[in-house]
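Numbering-wise (my numbering), the sequence shown opens with residue 363 and increments by one. Backbone N, C-alpha and C define an ideal beta-carbon position, used for all residues, glycine too. Predicted, not measured: the structure shown is a model, and the values here were computed from it. Beneath this line is the structure, given in structure tokens, with notes to follow.
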Amino acid sequence: MIVKFFITFSLTILNTVFWCLILFFFTGLKIIMPGGKLRQACSRAILFCSKNWIACNNFMIDKIAGVDVEIGWKGNISKEGQYLVIANHQSWTDILLLQKSFHNKAPFLRFFLKKQLIWLPFLGQAFLALDFPFMNRYSKEYLEKHPEKKGKDLESTIRSCHKFAKIPFSLINFPEGTRFTKEKYQKQKPNFSKLLKPKAGGTAFALESFEGNIRSLIDVTIFYPEDSPHIVDFMNGKIKRVIIELEERKIPDHFGKCSYLNDPKYREEFQDWLNQIWLEKDNRLNKLKNEAR
């Protein structure tokens, strides 16, 4: 098991460094190009690098880590569409599995990231080159001391999302805001058996960032029959099977066109909508758990 982990981990690092270096080269070319077809060619090369980076990760998941990933899609998903994505979150392996699920099926998957992650070696710069939206997130304590900063994080998010207005994309938000653990579950005491409480604000702000132009949601349910794995368990082959279900849902027409912060009626309606999705997800996870016994 230790040997398998070392091989998988080493190849993942080498794969990341290899594709990042090529990606950085084309990003540099794109910056100095005067515009037009040459810049478009660089953009295509950057996307090519990202897709092959994911393809190599997928090969390692399948052939080296030996994980059987069952992926099921519901809905008419188009590679040319624009989608907001939500998912339950249990492990760092979720990121690899989400990229695998979307590869060659839906538009390239991007994540909302904290601005501090831009300094993460290789990955931070790669995310920047791939136009991942970076967010300034202010704590409640910080905003109490600096009330003038209220709403500024949303403004910066909206600006970072403008670049996606005319291109296909999938953009994910984890409504739970953190990874599920038994300790967090016991502290929250949510009305769910397999999930933490969903925070509606992040999803609502994501829709507002696109000024109500996103009309489809991809709802992802990730289920580990052997319970939530540590990424070490995933890489050393202890995790044998994962089930991922992806369902397209229509977003109500007025969602994203109202102010979540300033409209209490809309805020309550949005929270009820997301809570209903979360209740259905919790029921589905319980059913999958019973079937896996």
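Point to revise | Inter-residue spacing [alpha-carbon to alpha-carbon] between Ala527 and Arg655 | key: In the sequence shown, residue 527 corresponds to position 165, counting from 1. In the sequence shown, residue 655 corresponds to position 293, counting from 1. Roughly 45 Å between the two C-alpha positions.
Review point. Nearest to Ile355 by CA position, among Pro552, Gly564, Leu383, is which residue?
Key: Nothing in the structure corresponds to residue 355, since the chain is present only between 363 and 655.
Point to revise | N- and C-terminal bounds of the alpha helix (DSSP H) containing Leu460 | key: Looking up residue 460 in the sequence shown gives position 98. 455-464 is the span of the alpha helix (DSSP H), which, as asked, contains Leu460.
Review point. Secondary structure at Tyr445, three-state DSSP: helix, strand or coil?
Key: For the purposes of this step, residue 445 is identified with residue 83 of the sequence shown, where counting begins at 1. Looking at Tyr445 - three-state DSSP - the assignment turns out to be strand.
Practice item. Give me the Cβ distance between Ile416 and Thr370, rounded to the nearest whole Å; I'm assuming they're in contact under 8 Å. Key: Your numbering for residue 416 matches position 54 in the sequence shown. Your numbering for residue 370 matches position 8 in the sequence shown. The pair is not a contact, with the Cβ atoms about 16 Å apart (cut-off 8 Å).
Point to revise | Spatially closest choice to Asn575 from Lys612, Phe542, Phe489, by CA coordinates | key: By 1-based counting over the sequence shown, the position of residue 575 is 213. The option with the nearest alpha carbon to Asn575 is Lys612.
Check your understanding: Leaving out five residues before and five after Ile480 in sequence, what residues of the same chain have Cβ atoms less than 8 Å from its Cβ?
Key -> In the sequence shown, residue 480 corresponds to position 118, counting from 1. Taken in chain order, the residues that qualify are Gly486, Gln487, Phe489, Leu490, Phe496.
Check your understanding: If you follow the beta strand (DSSP E) that Gly434 is part of, which residue opens it and which one closes it?
Key -> As a working mapping, residue 434 is identified with position 72 in the sequence shown. Where Gly434 is concerned, the enclosing beta strand (DSSP E) stretches over 430-436.
Exercise for review: Determine the direct distance from the alpha carbon of Gln402 to that of Ile387, and round the result to whole angstroms.
Suggested key: Taking the first residue of the sequence shown as position 1, residue 387 is located at position 25. Taking the first residue of the sequence shown as position 1, residue 402 is located at position 40. Going by the sequence as given, residue 387 is Phe instead of Ile. Phe387 and Gln402: Cα-Cα distance of roughly 15 Å.
Point to revise | Under 8 Å between C-beta atoms of Lys544 and Leu558 | key: As a first step, residue 544 must be located in the sequence shown, where it is residue number 182. As a first step, residue 558 must be located in the sequence shown, where it is residue number 196. Cβ distance not < 8 Å, so Lys544 and Leu558 don't count as in contact.
Review point. Are there 16 or more other CB atoms within 10 angstroms of the CB of Leu383, so buried, or fewer, so exposed?
Key: Working through the sequence shown from its first residue, we reach residue 383 at position 21. Label assigned to Leu383: exposed.
Exercise for review: Pull up the CB-CB distance for Ile605 and Val429, whole angstroms please, since I reckon it's below 8 Å.
Suggested key: Locating residue 605 in the sequence shown gives position 243, counting from the first residue. Locating residue 429 in the sequence shown gives position 67, counting from the first residue. Actually they do not touch by this definition, with Cβ atoms about 11 Å apart.
Check your understanding: Going straight from the alpha carbon of Trp435 to that of Lys507, what length do you get?
Key -> What you label residue 435 is simply residue 73 of the sequence shown in a count that begins at 1. What you label residue 507 is simply residue 145 of the sequence shown in a count that begins at 1. About 46 Å.
Practice item. Would you mind sorting Leu376 into buried or exposed? The rule is 16 or more other CB atoms within 10 Å of its CB. Key: What you label residue 376 is simply residue 14 of the sequence shown in a count that begins at 1. It is exposed - the Cβ of Leu376 has fewer than 16 other Cβ atoms within 10 Å.
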